[in-house]
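These notes are about the structure you will find just below.
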Amino acid sequence: MSTVHDQAISERLRGIVASVLEIDEDAVPPAALFYEDLAADSLEKVEIAARVERAFGVRLSAGDAVQLRSVNDAVALLRRKGVATGPAEGGR
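Using the working numbering, you'd call the opening residue of the sequence shown number 303 and step up by one each time.
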């Protein structure tokens, strides 16, 4: 696992989450749980999943979306799906 790539993915994901939740990116630590720590609701989580799909060019099943509990979880999921480089620009 490449730490540089994971860090790039994590930073992009933090930006997506911050944008959806309308909070500062600094308020989204990678281990923060979307529901418990960031007070996201189910519709916001669906929006996060949709933006992740667009930003990284992957398809997420309903089961995949359930696994998105934090930025760290999303990084791990994207790695399993073969995202090996930093994400493309756009997708927010």
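Note that CB positions come from ideal geometry on N, CA and C, so glycine has one too.
Three-state class that DSSP yields for residue i in the structure shown
i    : result
S312 : helix
L340 : coil
Inter-residue CB distance, residue i and residue j (contact presumed, cutoff 8 Å)
i    : j    : result
V259 : L362 : For residue 259 there is no data in the structure shown, the boundaries of the chain being 303 and 394.
I350 : L370 : 7 Å
C-beta contact flag for residue i and residue j at 8 Å
i    : j    : result
A357 : I325 : no
L323 : E338 : no
P332 : S312 : yes
Spatial distance of residue i from residue j (CA atoms)
i    : j    : result
S321 : G384 : 25 Å
D343 : V306 : 31 Å
L315 : A334 : 12 Å
A376 : A341 : 17 Å
V368 : V348 : 10 Å
A329 : F336 : 11 Å
Q309 : V360 : 18 Å
A352 : E327 : 18 Å
A378 : D366 : 11 Å
A364 : R382 : 16 Å
Any alpha helix (DSSP H) of 4 or more consecutive residues that is wholly inside the stretch 348 to 387: 364 to 369 and 373 to 382
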